[in-house]
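Protein chains: 2
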Amino acid sequence: MRTIDTPVWLTAEQQQVWRTYLGATNRVRQHLDNELRQFDLDLGEYEILVRLSEAPYRSIRMSELADQVGQSRSRLTHTVTRLETKKLLARGSCPGDRRGVLATLTDEGYAFLEEVAPYHVASVREILVDPVCAEDFAALGRVMQSVLDADLPTEA
Amino acid sequence: MRTIDTPVWLTAEQQQVWRTYLGATNRVRQHLDNELRQFDLDLGEYEILVRLSEAPYRSIRMSELADQVGQSRSRLTHTVTRLETKKLLARGSCPGDRRGVLATLTDEGYAFLEEVAPYHVASVREILVDPVCAEDFAALGRVMQSVLDADLPTEA
DNA sequence: CCAAATAAGTTGAACTCTCAACTGTTGCTG
DNA sequence: CAGCAACAGTTGAGAGTTCAACTTATTTGG
């Protein structure tokens with residue numbers, strides 16, 4: 002939505018930041034996926050395992066999990082099916098709501114995550130934490146929080 | 002790579018920033034893709050058109066274009082094939098190097114881009130520019146530039 | 001307390017992306 | 001200048017994602 006006063010274009014500086022943003026976020030994702038590849042995982046799968054590992058009973062409902070990792074329900078269904086085949090997690094029924102499905106990290110999945118995590122954390126450091134000075138890193142946190150907090154005109 | 006002195010885990014603050022980063026970058030991408038969807042484009046395709054529109058003769062070599070938009074050559078081939086089918090761009094041969102292929106934005110592609118761009122820019126504003134204060138936005142630029150500049154141990 | 005609306009999750013087909021193999025071209029090196 | 005390595009781009013198969021349709025269960029409201 003544009004009102005009469007909002008300019009159509011970005012300033013040169015804004016555009017510069019925006020392009021850098023595109024390139025850098027791309028690079029971050031590629032680096033992490035690359036490093037996770039030796040474990041036959043991608044970032045999306047890794048996030049699922051992490052969320053489960055932190056949850057009570059290492060279990061989360063499908064739709065709640067989908068929200069947490071920002072994936073569509075359909076995509077989560079497919080991905081969870083794959084991870085289930087690898088025995089990293091299991092599906093169960095959801096107490097109190099027979100529609101629900103509970104995804105649970107297996108012991109094997111937990112052990113696997115313990116193995117992978119240090120490498121992943123190292124990748125995050127390499128690509129995002131180490132290259133950035135402390136003040137700017139804090140600012141990054143604020144920026145990203147603002148993005149999450151913003152309620153968009155279009156979806157209101 | 003970890004040396005003896007780098008800690009395995011992130012601090013609570015670092016982890017907080019990291020998670021916020023994951024959620025927010027996800028949201029940004031989803032918002033932009035969502036808004037571009039009404040034009041039957043995704044962000045990757047849009048970027049291709051923009052780069053071409055800015056280049057001399059509205060033309061760029063495939064491999065150069067792949068670098069600019071951060072896509073693999075293979076992916077670019079497929080995407081360009083699709084965009085070519087839509088008549089938004091055309092392939093030509095590359096003067097001076099018979100291996101090369103030159104992608105060129107058609108007039109139709111240019112006109113289409115002119116139509117789409119204002120909506121896209123508005124989306125970028127909504128999701129990233131407007132919610133963030135000026136200083137933090139500048140810091141975001143520095144952060145992203147650092148990520149691009151960082152040379153990674155693993156790829157050295 | 002029943003009917004309709006909403007919610008949770010899955011399914012399969014169409015589409016996109018990845019990966020490795022392949023063709024043709026250019027550059028290098030002895 | 002012959003031979004070989006590296007480069008540019010494409011291809012097709014396999015893997016992953018999206019989208020809309022569908023099933024089953026819960027909630028809502030008349």
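In order, the protein sequence lines correspond to chains A and B.
For this note's numbering, count along the first sequence from 1 and bump the result up by 1.
For this note's numbering, count along the second sequence from 1 and bump the result up by 1.
Cβ coordinates follow ideal geometry from the N, Cα and C atoms, glycine included.
Inset, instruction - Return the chain-ordered ranges of every beta strand (DSSP E) run that is complete within the stretch 83–131 of chain B and spans a minimum of 3 residues. - result: 90–94, 102–106
Item to check | is_contact[S145(A), chain B] using C-beta, thresh 9 angstroms | outcome: Here the sequence assigns Met to residue 145(A), which means Ser is not the residue at that position. Yes - at least one Cβ of chain B is within 9 angstroms of the one on M145(A).
*Report buried or exposed for E46(B), applying the criterion of at least 16 other Cβ atoms within 10 angstroms of its Cβ.*
buried
inquiry  = Just to confirm my understanding: we take L53(A), look at its own chain, exclude 5 residues before and 5 after, and list those with CB closer than 8 angstroms. What are they?
reply    = R59, S60, I61, L66, L90, A104, T105, L106, G110
Next item on the list: Reducing DSSP to helix, strand and coil, say where A157(B) ends up.
Entry: Because A157(B) sits at a pLDDT of 42, beneath the cut-off of 50, its placement in the model cannot be relied upon, and the following sentence gives the value as read from the coordinates. The answer is coil: DSSP assigns A157(B) none of H, G, I, E or B.
- Residues within the stretch 8–27 of chain B neighbouring chain A, beta-carbon criterion of under 8 angstroms: V9, W10, L11, E14, Q15, Q17, V18, W19, T21, Y22, L23, G24, A25, T26, N27
- If we cut at 9 angstroms on Cβ distances, does A38(B) have a partner in chain A? The residue asked about is misnamed: residue 38(B) is Arg in this sequence, not Ala. No, no contact with chain A.
H79(B) at chain A interface by Cβ criterion, 9 angstroms: no
List the residues that DSSP assigns as beta-bridge partners of T62(B). Reading the sequence as shown, one finds Arg at residue 62(B) and not Thr. L103(B).
ask   = Taking Cβ-Cβ distances shorter than 7 angstroms, what residues in chain B pair up with G71(A)?
value = G24, N27
Assuming R30(B) and L44(B) are in contact, meaning their beta carbons sit under 8 angstroms apart, how far apart are those beta carbons, in whole angstroms? 7 angstroms
- Scan the stretch 116–140 of chain B for residues whose Cβ lies nearer than 9 angstroms to a Cβ of chain A and list them as they occur along the chain. A118, P119, Y120, V122, A123, S124, V125, R126, E127, I128, L129, V130, D131, P132, V133, C134, E136, D137, F138, A139, A140
- Message: Please report whether the beta-carbon of L90(B) lies at a distance below 9 angstroms from any beta-carbon of chain A.
- Response: no
Next on the checklist: Short of 9 angstroms Cβ to Cβ, which residues in the stretch 99–115 of chain A face chain B?
Outcome noted: none
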